[in-house]
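*Asks:* Protein chains in written order, with our numbering: chain W, 1096 to 1454; chain A, 1096 to 1454. Where is the CB? At the ideal position from N, CA and C, for every residue including glycine. Got a structure here, written out as structure tokens. Questions coming.
And the structure:
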């Protein structure tokens, strides 16, 4: 496994694109269960909207009894909750795909865990009063612009995504704090959605509109982009990305690192899934011939990653060793060995070997 | 209005692509209400499947009580019906779009009317017994292959499209004759679907499978291809193409033709719509300043075009005249003046002026 070599760092993060701005955490800098806000990866699709919180309104409309708009001050008066949650870009690990595919060439670090504070979306939906036919909720950001893709709609486009009503009611947050502070501009200031367990494209930043609808939403970022092929009756159907797939990543040592021979080396990483919890992370230090259980640290928390570590007794002689981590969750799901090409450029969770030098 | 000039003719039709084969009728060769099979435009997406009728089976499966397969001989024993129907390619007139867009550069002739003989699809669906949750019917052809589009599903793809249950029951045919003869290979031999009033991509050729389903089908030719952008709550949603849009076309005179000054010149054409009938075709001979009612010929037939003509008294002096035809249907729908860019490369029915030389 080889990420891109020429890496330009911006405030400690790897620059993956300037316009729009895309920044990745060097995953070997993993700090612990929570990722510092300044270390957290940044994914944008358009210029970062400049929104003054006193000028911000969130509209709730569509198939509801009472459309309304709420401002920042009013939102902060509502009951709130704080949860730790892992956000992973749906294209995390893309740079490891062979052959190369289009899209931001993320390595391991388009993932992070933060504490998010916000108002349960269900409170806003209850205030609006959803009609009986409501089936989905579209979340729309203030970020937008024109795309060059001939498959995109003409004119201005806003970033928007939908989630089913059941999910919207269950645990989605309308969040205004990240790790205890106001959201940073690049993380959605003043308000963003947090959709637990789903790839991060669903956690709409710069949230400005919530549209309740009675039919499947088929916007650009739900169909042409951020979708994959699912087979039914032997026919491939275009399907919006939703839940994160079970995955373990090795943070330390990193690809190409040199570790001492005949020593105890602590291998560390994280593992996550959705709709379940990580029950096992195995590590192979011999390219997958044998596997060892690692130690899971802390307590499991829903939709947040879990740290793991393993004390590796390195061989006595100098050689290249191939390390592979493999997670399994409480639903028995584990990581595939081979890439499923129906997933296109997304949902990359097959096993990713790394090589380290024992000297 | 200027179609492409360099036109290679194959058996009297304009070659628009060799592999896959795409052939257009020169629209000025309009023969009458019915289009001869050898004049009929040909649209293919893959090599034409070579199917022996004794080896052909049609499977009916999915959300049904009794899946079954039927062969050619058995199909011909069922009750059949014969209807005239217009088929128009969803990209007909594409060569007139400015700026140029990708896709087969059809002029006016990717449209034709034939008599189709076949078994009502409802008979086959009744035999299978649809489950209560059934909402759509997927029609799959034997034509398929690999696409280069990175947005396409990996591996082999078959051409497939869906129609709602109500439409499937109403008037769709499983057709085996065109203009009284067995289907030609390029028109779907041995059996194709005929979906009245819809753009022709729905009238699946080389039909081999009918899959009843309980959810919206999102196959490649229903989403990435053959779809357009429909706005709802100011948000563009990717929407499968369905019904043909109201349209009149001038067959004679054609663009650039020379007509005698101070004479009676017969202007002829066709007009069609779906879910309604053509009630009026107007013709302007002065670039849209004034409009004249034309004579509609014959009787209206559902989902088939109607011929029209107008006796044009040409001016006394030599000049260039701009002719425009405009159809209106029984639902009051008429042709827009300007192109709606949300339609992308499809559903082209805005007014198309042609220029003729009066001498």
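1) Who are the near neighbours of residue 1409 of chain W in its chain, counting only those whose CB is closer than 7 Å to its CB and skipping five residues on each side?
2) For a test of the three-state rule: what should DSSP assign to residue 1311 of chain W, helix, strand or coil?
3) Indicate whether at least one CB of chain A lies closer than 8 Å to the CB of residue 1421 of chain W.
4) Looking at the structure shown, is residue 1183 of chain A part of a helix, part of a strand, or coil, going by DSSP?
5) Which residues in the same chain have their Cβ closer than 8 Å to the Cβ of residue 1411 of chain A, if we skip the five residues on either side of it in sequence?
6) Grab the span of the alpha helix (DSSP H) containing residue 1217 of chain A for me, first residue to last.
7) Give the residues of chain W in contact with residue 1324 of chain A, contact being defined as C-beta atoms less than 7 Å apart.
8) So does the stretch 1110-1123 of chain A actually touch the stretch 1204-1222 of chain A, counting three or more Cβ pairs closer than 8 Å?
9) Could you compute how far the alpha carbon of residue 1268 of chain W sits from the alpha carbon of residue 1290 of chain W?
10) Anyone know if the C-beta pair for residue 1217 of chain A and residue 1202 of chain A falls short of 8 Å?
11) Quick one: which chain A residues come within Cβ less than 7 Å of residue 1312 of chain W?
12) Assuming residue 1155 of chain W and residue 1305 of chain W are in contact, meaning their beta carbons sit under 8 Å apart, how far apart are those beta carbons, in whole angstroms?
13) In angstroms, rounded to a whole number, what distance separates the CA positions of residue 1299 of chain A and residue 1257 of chain A?
14) Step through the CB atoms of chain A and report whether any lies within less than 8 Å of the CB of residue 1240 of chain W.
15) In three-state terms, what does DSSP make of residue 1128 of chain W?
16) Nearest CA to the CA of residue 1365 of chain A: which residue from A:1421, A:1322 and A:1170?
17) Run through the stretch 1255-1297 of chain W for me and flag every whole beta strand (DSSP E) of 3 or more residues, listed as ranges in chain order.
18) Assuming residue 1238 of chain W and residue 1301 of chain W make a contact with CB atoms under 8 Å, what is their CB distance in whole Å?
19) Step through the CB atoms of chain A and report whether any lies within less than 8 Å of the CB of residue 1315 of chain W.
20) Starting from the beta carbon of residue 1436 of chain W, find every residue of chain A whose beta carbon is closer than 9 Å, and list them in chain order.
21) In angstroms, rounded to a whole number, what distance separates the CA positions of residue 1096 of chain W and residue 1406 of chain W?
22) Touching or not, the stretch 1311-1324 of chain W and the stretch 1248-1267 of chain W, by the rule of three or more beta carbon pairs under 8 Å?
23) Taking the alpha carbon of residue 1231 of chain W as the reference point, which residue from W:1307, W:1187, W:1442 and W:1382 has its own alpha carbon closest?
24) Thinking C-beta only, is residue 1404 of chain A closer than 8 Å to residue 1451 of chain A?
25) With a cut-off of 8 Å, does the C-beta of residue 1445 of chain W fall near any C-beta of chain A?
26) Establish whether the CB of residue 1176 of chain A and some CB of chain W are separated by less than 8 Å.
27) List the residues of chain W that residue 1157 of chain A touches, going by C-beta distances under 8 Å, in chain order.
28) Counting C-beta neighbours from all protein chains within 10 Å, is the total for residue 1147 of chain W 16 or more, i.e. buried, or is it exposed?
29) Check distances from the C-beta atoms of the stretch 1220-1240 of chain A to those of chain W and list, in chain order, the residues that come in under 8 Å.
30) For residue 1280 of chain W versus residue 1167 of chain W, is the C-beta distance shorter than 8 Å?
31) Is the stretch 1429-1444 of chain W in contact with the stretch 1164-1178 of chain A, if contact means three or more CB pairs nearer than 8 Å?
32) Any chance the stretch 1385-1392 of chain A sits against the stretch 1422-1429 of chain A, with 3 or more Cβ pairs inside 8 Å?
33) Comparing the C-beta of residue 1142 of chain A with each C-beta of chain W, is any distance below 8 Å?
34) State the DSSP-derived secondary structure class of residue 1343 of chain W, mapped to helix, strand or coil.
35) Answer yes or no: does any C-beta atom of chain W fall closer than 8 Å to that of residue 1306 of chain A?
36) Tell me the DSSP bridge mates of residue 1211 of chain W?
*Replies:* Once the coordinates are examined:
1) The answer, listed in chain order, is 1354, 1355, 1356, 1357, 1358, 1360 and 1453.
2) Three-state result, residue 1311 of chain W: coil.
3) Cβ-Cβ to chain A under 8 Å: no for residue 1421 of chain W.
4) Three-state DSSP puts residue 1183 of chain A in a strand.
5) Excluding positions up to five away in sequence, the list reads 1356 and 1357.
6) Run containing residue 1217 of chain A: 1216-1223, per the alpha helix (DSSP H) assignment.
7) Neighbours of residue 1324 of chain A on chain W, chain order: 1248.
8) In this structure the stretch 1110-1123 of chain A lies against the stretch 1204-1222 of chain A, because at least three pairs of beta carbons, one per stretch, are closer than 8 Å.
9) C-alpha of residue 1268 of chain W to C-alpha of residue 1290 of chain W: approximately 7 Å in a straight line.
10) No, they are not a contact pair.
11) Neighbours of residue 1312 of chain W on chain A, chain order: 1332.
12) For residue 1155 of chain W against residue 1305 of chain W, the beta-carbon gap comes to about 5 Å, under 8 Å, which counts as contact.
13) For residue 1299 of chain A and residue 1257 of chain A, the distance between alpha carbons rounds to 10 Å.
14) No - not a single Cβ of chain A is within 8 Å of the one on residue 1240 of chain W.
15) DSSP places residue 1128 of chain W in coil when its eight states are reduced to three.
16) For residue 1365 of chain A, the nearest C-alpha among the options comes from A:1421.
17) Runs found: 1268-1273 and 1287-1289.
18) Contact between residue 1238 of chain W and residue 1301 of chain W is confirmed by a C-beta separation of about 5 Å, below the 8 Å threshold.
19) With 8 Å as the cut-off, residue 1315 of chain W counts as an interface residue toward chain A.
20) Residues of chain A with a Cβ closer than 9 Å to the Cβ of residue 1436 of chain W are, in chain order, 1248, 1249 and 1250.
21) The pLDDT assigned to residue 1096 of chain W is 43, lower than 50, so where the model puts this residue is not dependable, and the model offers no usable value.
22) Three or more beta-carbon pairs drawn from the stretch 1311-1324 of chain W and the stretch 1248-1267 of chain W are found closer than 8 Å, and the two stretches are therefore classed as touching.
23) Relative to the Cα of residue 1231 of chain W, the nearest Cα in the group W:1307, W:1187, W:1442 and W:1382 belongs to W:1307.
24) Contact: no.
25) Cβ-Cβ to chain A under 8 Å: no for residue 1445 of chain W.
26) Chain W, which has no Cβ nearer than 8 Å to the Cβ of residue 1176 of chain A, makes this no.
27) In chain order, 1328 make up the part of chain W whose C-beta sits under 8 Å from the C-beta of residue 1157 of chain A.
28) Classification of residue 1147 of chain W: exposed, given that the 10 Å Cβ count is below 16.
29) Within the stretch 1220-1240 of chain A, the residues whose Cβ lies closer than 8 Å to some Cβ of chain W are 1233 and 1235, listed in chain order.
30) In this structure, residue 1280 of chain W lies away from residue 1167 of chain W, with their beta-carbon atoms at least 8 Å apart.
31) No, they do not touch.
32) Fewer than three pairs of CB atoms, one per stretch, sit closer than 8 Å, so the stretch 1385-1392 of chain A makes no contact with the stretch 1422-1429 of chain A.
33) No, residue 1142 of chain A does not count as interfacial toward chain W.
34) Residue state, collapsed to three classes: strand.
35) Among the residues facing chain W, residue 1306 of chain A is included, as its CB has a counterpart in that chain under 8 Å away.
36) BP columns for residue 1211 of chain W point to W:1178 and W:1273.
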